[in-house]
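Since the structure comes first, as structure tokens, the remarks are kept for the end.
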Amino acid sequence: TSDSVLVMSTDSHSNSANPDLTPIVRLSGVNKHYGHLHVLQNINLEVSKGEVVVVLGPSGSGKSTLCRTINRLETIDTGSIEIDGKVLPEEGKMLAKLRADVGMVFQSFNLFAHKTILENVTLGPIKAKGMKKSDADKLAMSLLERVGVANQKDKLPAQLSGGQQQRVAIARALAMRPKVMLFDEPTSALDPEMINEVLDTMIGLAKEGMTMIVVTHEMGFARKAADRVIFMADGLIVEESTPDKFFTNPESARAKDFLGKLI
Ligand code: ADP
Ligand code: MG
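Position in the sequence shown (first residue = 1) + 454 = our numbering.
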């Protein structure tokens with residue numbers, strides 16, 4: 455079925471002794487500065503297979519930087535990042551390989567403007583994985599179908615609505631068969647009426663067992679889909695709990711303040 459396409463993620467090429475216990479993502483003592491700004495302060499974070507972690511926090515707290523370090527769009531100063539038990543190196547072949555395990559969806563959809571919707575999704579598998587075009591087309595169509603935009607396959611991104619483009623971006627990331635999907639405010643640039651179609655796609659993914667790290671201001675999504683909420687402020691993980699506990703009984707003053715401002 456088209457659903458099964460999405461979850462063919464992880465174990466087949468894992469050498470770990472204990473694949474089910476190895477976190478898909480592990481940050482250990484990660485520090486990063488931008489000049490004098492200590493933007494990530496001793497971040498420790500483990501995300502298990504199939505877990506959905508929602509990252510909340512005020513603007514400027516380091517949420518995007520955290521996401522960007524996980525697939526090495528940003529370097530770190532100290533600490534380590536592991537993807538499925540393998541340390542993300544500075545550069546080289548292993549970096550490219552591990553990066554392919556991390557799908558990323560940004561606020562701005564970042565589709566290739568001059569390629570069709572179908573080509574946007576097939577490009578990665580063909581170029582990075584050497585997949586045959588016919589196989590890539592088949593995979594892409596099943597993913598486009600899954601996110602509900604298969605009938606747009608021959609159009610250019612600009613001909614689609616923002617919500618449709620973001621769903622294509624999700625399909626494109628999934629086409630690389632990532633072990634984890636990172637979402638950095640995926641609905642922040644969307645008109646309100648399009649937010650739910652993207653969130654519903656993400657909820658579907660979560661239900662199918664995809665490991666996800668989601669930065670969002672959509673508290674409804676956090677309540678519904680998160681296994682765990684991480685609250686960041688000033689480069690620190692200030693609080694970590696279940697969504698239920700976080701929303702009804704936050705511990706830190708920062709979190710209380712943050713939640714108070716949402717209403
Ligand atoms: P968030 O996503 O939580 O809003 P960011 O990770 O984007 O936070 O930013 C955290 C802090 O780092 C902010 O103060 C921001 O201005 C700063 N910052 C982000 N990117 C850069 C950069 N490339 N150079 C310098 N400072 C940056
Ligand atoms: Mg951000």
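Positions of the beta carbon are idealized from the N, C-alpha and C atoms, including for glycine.
Can you tell me whether residue i is helix, strand or coil according to DSSP?
i	result
Q619	helix
A687	strand
R626	helix
A481	It should be noted that the sequence gives Leu, not Ala, for residue 481. Here L481 sits in strand by DSSP.
E705	coil
E672	coil
S468	Because the pLDDT of S468 is 43, which lies under 50, any placement of that residue in the model is unreliable, and the number read from its coordinates should be weighed accordingly. Here S468 sits in coil by DSSP.
G714	helix
Assuming residue i contacts residue j (C-beta within less than 8 Å), just tell me the rounded distance between them.
i	j	result
P632	D555	6 Å
V506	V668	7 Å
T576	A594	5 Å
R480	E500	5 Å
I524	L636	6 Å
A679	A660	5 Å
F700	F712	That pair is no contact at about 10 Å.
G557	A627	3 Å
S515	D688	6 Å
E672	I657	Between I657 and E672 the Cβ distance is about 11 Å, and since that is not below 8 Å, they are no contact.
I537	L552	5 Å
I691	I497	6 Å
K517	V509	5 Å
For residue i, count neighbouring C-beta atoms within 10 Å of its own C-beta (all shown protein chains included) and say buried if the count is 16 or more, exposed if not.
i	result
F560	buried
V541	exposed
M548	exposed
G511	buried
F566	exposed
H467	Interpretation of H467 is limited by its pLDDT of 44, a score under 50 that renders its predicted location unreliable; the figure taken from the coordinates is listed afterwards. Exposed: under 16 other Cβ atoms inside 10 Å.
L653	buried
E693	buried
P579	buried
I581	As written in the sequence, residue 581 is Lys, which differs from the Ile given in the question. Label assigned to K581: exposed.
T464	Interpretation of T464 is limited by its pLDDT of 44, a score under 50 that renders its predicted location unreliable; the figure taken from the coordinates is listed afterwards. Counting Cβ neighbours within 10 Å, T464 comes out buried, since at least 16 surround it.
P704	buried
D457	In this prediction, D457 scores a pLDDT of 44, lower than 50, which makes its location untrustworthy; the coordinate-derived value is nonetheless stated afterwards. Exposed, because fewer than 16 other Cβ atoms sit within 10 Å of the Cβ of D457.
A612	exposed
E647	exposed
T476	buried
N574	buried
L598	buried
A707	exposed
S588	exposed
A550	exposed
K710	exposed
K486	buried
T702	exposed
S562	exposed
L572	buried
L644	buried
T429	For the chain, the structure presents residues 455 to 717; residue 429 sits outside this window and is missing.
Residue i CB to nearest chain C CB: under 9 Å?
i	result
E599	Structure shown: chain C not included; a single protein chain is present.
- Unbroken alpha helix (DSSP H) runs of length 4 or more, entirely within the stretch 486 to 533: which are they? 517 to 524
- Unbroken alpha helix (DSSP H) runs of length 4 or more, entirely within the stretch 540 to 594: which are they? 547 to 554 and 571 to 583
- Entirely enclosed alpha helix (DSSP H) segments - the stretch 622 to 667, minimum 4 residues: 646 to 661
- Task: Flag this pair as touching only if the stretch 607 to 627 and the stretch 529 to 545 have three or more C-beta atom pairs under 8 Å; answer yes or no.
- Result: no
- Can you find at least 3 beta carbon pairs, one from the stretch 590 to 606 and one from the stretch 628 to 643, that sit closer than 8 Å? yes
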